[in-house]
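S.K.: Encoded as structure tokens, here's the structure I'll be asking about.
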Amino acid sequence: MHAHVILAAGQGTRMRSRLPKVLHPLLGKPMLLYAVETALALKPERLVVVVGHGGEAVAEALKGHPVEVAWQKEQLGTAHALLQAEGLLRGFPGPFLVTQGDTPLLSPKTLEALLQRVREGAGMALLTVELPDPTGYGRILREGEEVLGNVEEKDAPPEVRAIREVNAGAYAFDGLLFQALKEVRNENAAREYYLPDLVAIYRAHGKKVVAVRGVAEEALGVNTREELARVEGVLLGRLRAEWMGKGVRMVLPETIYLEPSVELAPDVTLWPGAVLKGRTRIGEGCEVGPYAVLEDTVLEPGARVLAHTVAQGAHLHPGASAGPFARLRPGAVLMEEVHVGNFVEVKNSLLHKGVKAGHLAYLGDAEVGEGANIGAGVITANYDGKRKHKTEIGKRAFIGSNSVLVAPVRVGERALVGAGSVITQDVPEGALAVARGRQKNLEGYALRKLGEEEG
Ligand code: UD1
Ligand code: CA
Numbered sequence: 001m002h003a004h005v006i007l008a009a010g011q012g013t014r015m016r017s018r019l020p021k022v023l024h025p026l027l028g029k030p031m032l033l034y035a036v037e038t039a040l041a042l043k044p045e046r047l048v049v050v051v052g053h054g055g056e057a058v059a060e061a062l063k064g065h066p067v068e069v070a071w072q073k074e075q076l077g078t079a080h081a082l083l084q085a086e087g088l089l090r091g092f093p094g095p096f097l098v099t100q101g102d103t104p105l106l107s108p109k110t111l112e113a114l115l116q117r118v119r120e121g122a123g124m125a126l127l128t129v130e131l132p133d134p135t136g137y138g139r140i141l142r143e144g145e146e147v148l149g150n151v152e153e154k155d156a157p158p159e160v161r162a163i164r165e166v167n168a169g170a171y172a173f174d175g176l177l178f179q180a181l182k183e184v185r186n187e188n189a190a191r192e193y194y195l196p197d198l199v200a201i202y203r204a205h206g207k208k209v210v211a212v213r214g215v216a217e218e219a220l221g222v223n224t225r226e227e228l229a230r231v232e233g234v235l236l237g238r239l240r241a242e243w244m245g246k247g248v249r250m251v252l253p254e255t256i257y258l259e260p261s262v263e264l265a266p267d268v269t270l271w272p273g274a275v276l277k278g279r280t281r282i283g284e285g286c287e288v289g290p291y292a293v294l295e296d297t298v299l300e301p302g303a304r305v306l307a308h309t310v311a312q313g314a315h316l317h318p319g320a321s322a323g324p325f326a327r328l329r330p331g332a333v334l335m336e337e338v339h340v341g342n343f344v345e346v347k348n349s350l351l352h353k354g355v356k357a358g359h360l361a362y363l364g365d366a367e368v369g370e371g372a373n374i375g376a377g378v379i380t381a382n383y384d385g386k387r388k389h390k391t392e393i394g395k396r397a398f399i400g401s402n403s404v405l406v407a408p409v410r411v412g413e414r415a416l417v418g419a420g421s422v423i424t425q426d427v428p429e430g431a432l433a434v435a436r437g438r439q440k441n442l443e444g445y446a447l448r449k450l451g452e453e454e455g
């Protein structure tokens, strides 16, 4: 049994952003939620998140997660932040885990190791790592196995700055915690109440303080945009490796972006620059071409998306293909063997088996029957300025190039629409509809005109 507190009230000045630091997304998910999920993995009795700067937005992002929120009205430092959880945790005997909302790569296993040390009798355990470049982190002072203290960068003389063992910002404490916190002073360069000062305070109470050595990567804290990018890179690297391990082929993997919510099957091929977001699901043998962007899109086994296609909320059935340069919007459903080609936009439309729309078309709020052919430049005029209307195109119908189908309208099975028609009435099954000005040829007119000009 333990309680966990996550500190997330800081401003994050170094991010230079309006967005509170802990809400900056990593692979589409706010940084803070990584810390929350890691905390929940250890099943804490209580989980408190301390919010403050941008606290309304931070609390909103926490909605739906089993956490309690404590407020730090003024950001006076990490020790002060932790003290704001006291009211909620009054009477809780400990042990306590404390982590930071800006350290998303910590693993539950490492936190468990910290807790374990306190359960075994230490008063306080903290995670330390050795970094080639310790800039920005608190430096650990020790005498052999014993941790004597922590010195923040701002307060450190050069010989202390040279120390490469740093405080990773993850701690476990026994029941003395809140009493000890009240002894923290702010006599330092930042005039802040430093949480790591608890090392010295616990020692003064005769308690044992121990360090657990972790791997450097886990301790990566996010204070700057550059660190945010580095952490996102680590998360991406892990995801790519995981999917490649499960049989996905990635060409130039370091150029491929994907989110943890995406699902891939064996023998999927992802070409360079592919971007896969949200609830995208890609089936066996599918191919995603270079620079394609797929969000909340399903590719059934054997479907293909060619270069530079952008799809959002689309569903491609086996053998369907889209692109290059296709745009599939929410509700675009491409059944088996459908092909949608370059500069074709499809929205809220069902394209039955074998439909072809090869070039430059817009299909919105339409149902297109099996085997129908949509010529280049065909437009469903689905919007009258107030409402959207439906277009129905029958099986094997052929819609000539540059036709406008003014919805609501139906084109029957096997009907033909002549190129350049503006169709405002239903076309019966098997009929030919031509709705355009007739061609008139004026014999010799062009030559006469030319003669006048040349004099
Ligand atoms: C902190 C540690 C440093 C450690 C590093 C590891 C202190 C004083 N320093 O430094 O030893 O090496 O983390 O990443 O603790 N926060 C609040 N309220 C505040 C101030 C901060 O809630 O008043 C929160 C922030 O939102 C953040 C966390 O505490 O999630 C750490 O604050 P930050 O200012 O980033 O501390 P560091 O300078 O990184
Ligand atoms: Ca930090």
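Going letter by letter, the sequence shown gives residues 1 to 455 in the UniProt record's numbering.
In this text, a Cβ means the ideal position worked out from N, Cα and C, and glycines have one as well.
Quick caveat: nothing in here was measured; it's all calculated off a predicted structure.
1) On the DSSP bridge list, what partners appear for alanine 265?
2) Assign tyrosine 202 to one of three DSSP states: helix, strand, or coil.
3) Rounded to whole angstroms, what's the CA-CA distance from glutamate 153 to isoleucine 256? Just pull it up for me.
4) For tryptophan 71, is the classification buried or exposed, using 16 other Cβ atoms within 10 angstroms of its Cβ as the cut-off for buried?
5) Please list, in chain order, all residues of the same chain as alanine 8 whose beta carbon is under 7 Å from its beta carbon, the five residues on each side excluded.
6) Going by alpha carbons, who is nearest to leucine 351 out of Ala172, Glu120 and Ile393?
7) Quick one: what's methionine 250 bridged to in DSSP?
8) So, proline 330 versus alanine 314, is the Cβ gap smaller than 9 Å?
9) In this structure, how does DSSP classify leucine 106 when only helix, strand and coil are distinguished?
10) Mind checking whether cysteine 286 and valine 310 have CB atoms under 9 Å apart?
11) If we call anything under 9 Å between Cβ atoms a contact, is threonine 99 one with glycine 169?
12) What are the start and end residues of each continuous beta strand (DSSP E) run of 3 or more residues lying completely inside the segment 297 to 341, in chain order?
13) Write down every uninterrupted run of the beta strand (DSSP E) in the segment 94 to 159 whose length is 3 residues or greater and which is fully enclosed by it, in chain order.
14) Between the Cα of threonine 128 and the Cα atoms of Val147, Leu239, Tyr202 and Gln116, which residue gives the shortest distance?
15) Quick one: using the 10 Å Cβ neighbour count with 16 as the cut-off for buried, is threonine 13 buried or exposed?
16) What are the start and end residues of the alpha helix (DSSP H) that includes arginine 449?
17) Which whole-angstrom value is the C-beta distance of serine 401 and alanine 376, which I expect to be below 8 Å?
18) From the DSSP output, which residues share a beta bridge with alanine 70?
19) Taking glutamate 68 as the reference, give the member of Gln439, Ala241 and Glu60 with the closest Cα.
20) Are the beta-carbon atoms belonging to arginine 281 and valine 298 less than 9 Å from one another?
21) Which value, in whole angstroms, describes the spacing of the CA atoms of leucine 106 and valine 411?
22) Between leucine 334 and histidine 359, is the Cβ-Cβ spacing less than 9 Å?
23) Bridge partners for isoleucine 163 per DSSP, in chain order?
24) Cβ of valine 346 versus every heavy atom of ligand 2: is any distance shorter than 8 Å?
25) Contact between the segment 201 to 210 and the segment 76 to 86: three or more CB pairs below 8 Å?
M.R.: Inspection of the coordinates gives the following:
1) Note: alanine 265 sits in no beta bridge, so no partner.
2) helix
3) 36 Å
4) exposed
5) Val22, Leu32, Val49, Val50, Val51, Val58 and Gly101
6) Ile393
7) Leu270
8) yes
9) coil
10) no
11) yes
12) 310 to 312 and 332 to 334
13) 96 to 100, 124 to 130, 139 to 143 and 146 to 151
14) Val147
15) exposed
16) Rather than arginine, the amino acid found at residue 449 in this sequence is lysine. Element bounds for lysine 449: 445 to 454.
17) 5 Å
18) Val50
19) Glu60
20) yes
21) 60 Å
22) no
23) In DSSP, isoleucine 163 forms no bridge with anything.
24) no
25) no
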